[in-house]
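This report concerns only the one structure given below.
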Amino acid sequence: MSQRKFKVWRGDSEGGEFKEYEVECGEGMVVLDAIHRVQTEHANDLAVRWNCKAGKCGSCSVEIDGKPKLACMTRLSDYDATKTITVQPIKSFPLIRDLVSDVSWNYTQNQRIPPFQPEEDPDGRGLRMAQKDVDRVQEFRKC
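At position 92 of the sequence shown the residue is numbered 88 (the numbering used here), and the sequence of numbers has no breaks.
If you want it as C-alpha coordinates, here you go:
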(Lines of atoms letter the chains of each structure in order from A and count residues from 1; the text may use other names and numbers.)
(Lines give C-alpha, C1' and ligand atoms only; values in the text may rest on other atoms or scores of the structure.)
Protein backbone atom coordinates (compact mmCIF):
# COMPACT_ATOMS: atom_id res chain seq x y z
CA MET A 1 0.00 0.00 0.00
CA SER A 2 1.18 3.47 -0.83
CA GLN A 3 -0.18 6.98 -0.71
CA ARG A 4 -1.36 8.35 -4.09
CA LYS A 5 -2.38 11.92 -4.90
CA PHE A 6 -5.47 12.78 -6.92
CA LYS A 7 -6.77 16.08 -8.24
CA VAL A 8 -10.55 15.70 -8.57
CA TRP A 9 -12.99 18.17 -10.13
CA ARG A 10 -15.58 19.43 -7.64
CA GLY A 11 -18.40 21.63 -8.86
CA ASP A 12 -21.40 21.87 -11.14
CA SER A 13 -22.42 23.60 -14.37
CA GLU A 14 -22.11 26.97 -12.62
CA GLY A 15 -18.41 26.41 -11.90
CA GLY A 16 -16.05 24.66 -9.57
CA GLU A 17 -12.42 23.79 -8.96
CA PHE A 18 -9.99 20.92 -8.60
CA LYS A 19 -9.44 19.63 -5.07
CA GLU A 20 -6.45 17.53 -4.07
CA TYR A 21 -6.83 14.33 -2.11
CA GLU A 22 -4.36 11.73 -0.92
CA VAL A 23 -5.47 8.16 -0.31
CA GLU A 24 -3.89 4.79 0.43
CA CYS A 25 -3.82 2.63 -2.71
CA GLY A 26 -2.89 -1.00 -3.10
CA GLU A 27 -1.86 -3.41 -5.80
CA GLY A 28 -4.45 -4.07 -8.49
CA MET A 29 -6.53 -0.98 -7.76
CA VAL A 30 -8.23 0.96 -10.53
CA VAL A 31 -9.06 4.67 -10.58
CA LEU A 32 -12.68 3.98 -9.56
CA ASP A 33 -11.44 2.20 -6.42
CA ALA A 34 -9.36 5.24 -5.53
CA ILE A 35 -12.29 7.61 -6.18
CA HIS A 36 -14.45 5.48 -3.87
CA ARG A 37 -11.73 5.74 -1.24
CA VAL A 38 -11.65 9.54 -1.68
CA GLN A 39 -15.43 9.51 -1.30
CA THR A 40 -15.26 7.38 1.86
CA GLU A 41 -12.37 9.09 3.61
CA HIS A 42 -12.40 12.73 2.49
CA ALA A 43 -15.46 13.81 0.49
CA ASN A 44 -18.57 11.78 1.18
CA ASP A 45 -20.60 14.20 -0.96
CA LEU A 46 -18.47 13.56 -4.07
CA ALA A 47 -20.80 12.69 -6.96
CA VAL A 48 -19.56 9.84 -9.12
CA ARG A 49 -21.50 7.49 -11.39
CA TRP A 50 -20.68 3.80 -11.86
CA ASN A 51 -22.61 0.61 -12.43
CA CYS A 52 -21.06 -2.64 -13.65
CA LYS A 53 -17.41 -2.19 -12.62
CA ALA A 54 -16.53 -4.49 -15.52
CA GLY A 55 -15.93 -2.08 -18.40
CA LYS A 56 -19.24 -2.86 -20.10
CA CYS A 57 -21.69 -0.05 -19.33
CA GLY A 58 -19.64 3.16 -19.63
CA SER A 59 -21.24 4.76 -16.55
CA CYS A 60 -17.87 5.55 -14.98
CA SER A 61 -16.53 7.43 -18.03
CA VAL A 62 -14.32 10.31 -16.91
CA GLU A 63 -11.22 12.09 -18.13
CA ILE A 64 -8.07 10.82 -16.46
CA ASP A 65 -5.07 13.06 -17.02
CA GLY A 66 -6.96 14.65 -19.92
CA LYS A 67 -7.95 11.46 -21.72
CA PRO A 68 -11.44 9.91 -21.74
CA LYS A 69 -11.32 6.54 -19.99
CA LEU A 70 -13.39 4.12 -17.96
CA ALA A 71 -12.46 4.61 -14.30
CA CYS A 72 -13.27 0.96 -13.57
CA MET A 73 -10.75 -0.31 -16.12
CA THR A 74 -7.91 2.19 -15.69
CA ARG A 75 -5.25 0.66 -13.46
CA LEU A 76 -3.33 2.90 -11.09
CA SER A 77 -0.21 0.91 -11.94
CA ASP A 78 -0.35 2.48 -15.44
CA TYR A 79 0.56 5.85 -13.88
CA ASP A 80 3.71 7.12 -12.24
CA ALA A 81 3.19 6.71 -8.47
CA THR A 82 5.02 9.98 -7.77
CA LYS A 83 2.70 12.08 -9.94
CA THR A 84 -0.78 13.41 -9.17
CA ILE A 85 -3.60 11.83 -11.21
CA THR A 86 -6.19 14.33 -12.44
CA VAL A 87 -9.80 13.10 -12.67
CA GLN A 88 -12.53 15.26 -14.17
CA PRO A 89 -15.93 14.78 -15.83
CA ILE A 90 -15.99 13.87 -19.49
CA LYS A 91 -16.10 17.12 -21.48
CA SER A 92 -18.33 15.81 -24.29
CA PHE A 93 -21.48 16.04 -22.18
CA PRO A 94 -23.07 18.70 -19.94
CA LEU A 95 -21.90 18.58 -16.34
CA ILE A 96 -24.37 17.70 -13.59
CA ARG A 97 -22.06 17.70 -10.56
CA ASP A 98 -18.50 16.69 -9.73
CA LEU A 99 -17.67 13.67 -11.94
CA VAL A 100 -21.24 13.08 -13.20
CA SER A 101 -22.19 14.18 -16.72
CA ASP A 102 -25.63 14.24 -18.36
CA VAL A 103 -25.50 11.42 -20.92
CA SER A 104 -29.25 11.35 -21.62
CA TRP A 105 -28.50 12.43 -25.21
CA ASN A 106 -27.17 8.91 -25.83
CA TYR A 107 -30.51 7.38 -24.88
CA THR A 108 -32.43 9.83 -27.07
CA GLN A 109 -30.22 8.99 -30.04
CA ASN A 110 -30.55 5.27 -29.36
CA GLN A 111 -34.35 5.51 -29.57
CA ARG A 112 -34.03 7.07 -33.04
CA ILE A 113 -32.14 4.06 -34.43
CA PRO A 114 -34.54 1.61 -36.06
CA PRO A 115 -34.31 -1.98 -34.81
CA PHE A 116 -32.81 -4.65 -37.05
CA GLN A 117 -35.46 -6.52 -39.00
CA PRO A 118 -34.02 -9.68 -40.62
CA GLU A 119 -35.24 -10.68 -44.05
CA GLU A 120 -37.35 -13.76 -44.54
CA ASP A 121 -35.41 -17.05 -44.61
CA PRO A 122 -35.72 -17.99 -48.31
CA ASP A 123 -34.18 -21.49 -48.25
CA GLY A 124 -35.14 -22.62 -44.74
CA ARG A 125 -31.50 -23.06 -43.60
CA GLY A 126 -31.49 -20.07 -41.26
CA LEU A 127 -29.82 -16.73 -41.68
CA ARG A 128 -26.11 -16.95 -42.52
CA MET A 129 -23.27 -14.44 -42.36
CA ALA A 130 -20.30 -14.52 -44.68
CA GLN A 131 -17.07 -15.31 -42.80
CA LYS A 132 -15.54 -11.98 -43.89
CA ASP A 133 -18.44 -10.17 -42.18
CA VAL A 134 -18.02 -12.26 -39.02
CA ASP A 135 -14.30 -11.42 -38.94
CA ARG A 136 -15.00 -7.73 -39.50
CA VAL A 137 -17.33 -7.34 -36.50
CA GLN A 138 -15.54 -9.71 -34.11
CA GLU A 139 -13.66 -6.86 -32.40
CA PHE A 140 -16.90 -5.06 -31.57
CA ARG A 141 -18.37 -8.11 -29.84
CA LYS A 142 -15.84 -7.71 -27.02
CA CYS A 143 -17.73 -4.78 -25.53
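Even for Gly, the Cβ is constructed at its ideal location relative to N, Cα and C.
These numbers come from a predicted model, not from an experiment.
From residue i to residue j, what does the alpha carbon distance come to, in whole angstroms?
i    : j    : result
Q35  : D131 : 43 angstroms
K1   : I60  : 13 angstroms
R121 : Q113 : 18 angstroms
E16  : A126 : 54 angstroms
F14  : E116 : 57 angstroms
G22  : L123 : 50 angstroms
L95  : N40  : 13 angstroms
D129 : S57  : 30 angstroms
W101 : E10  : 20 angstroms
S73  : G24  : 7 angstroms
When you compare each of the options to residue i by their alpha carbons, which one comes out closest?
i    : options              : result
K138 : W5, N47, S55, G51    : G51
V4   : W101, G12, M(-3)     : G12
Y103 : E37, G54, F2         : G54
D8   : G62, P85, N106       : P85
R6   : V44, G24, V19        : V44
S97  : K87, D119, L42       : K87
G62  : Q134, Q105, V99, I81 : I81
H38  : K49, E18, V26        : E18
Taking DSSP as the reference, what is the three-state secondary structure of residue i?
i    : result
E135 : helix
E16  : strand
S73  : helix
V44  : coil
E37  : helix
D29  : helix
D8   : strand
S55  : coil
K3   : strand
C21  : strand
K63  : strand
Under 8 angstroms, with one C-beta from each stretch per pair, do the segment 56 to 69 and the segment 14 to 32 reach the 3-pair mark?
They touch, by the three-pair rule.
Runs of beta strand (DSSP E) wholly within the segment 78 to 137 (minimum 3 residues, chain order):
As far as the segment 78 to 137 is concerned, its whole beta strand (DSSP E) runs of at least 3 residues are 81 to 85, 91 to 93.
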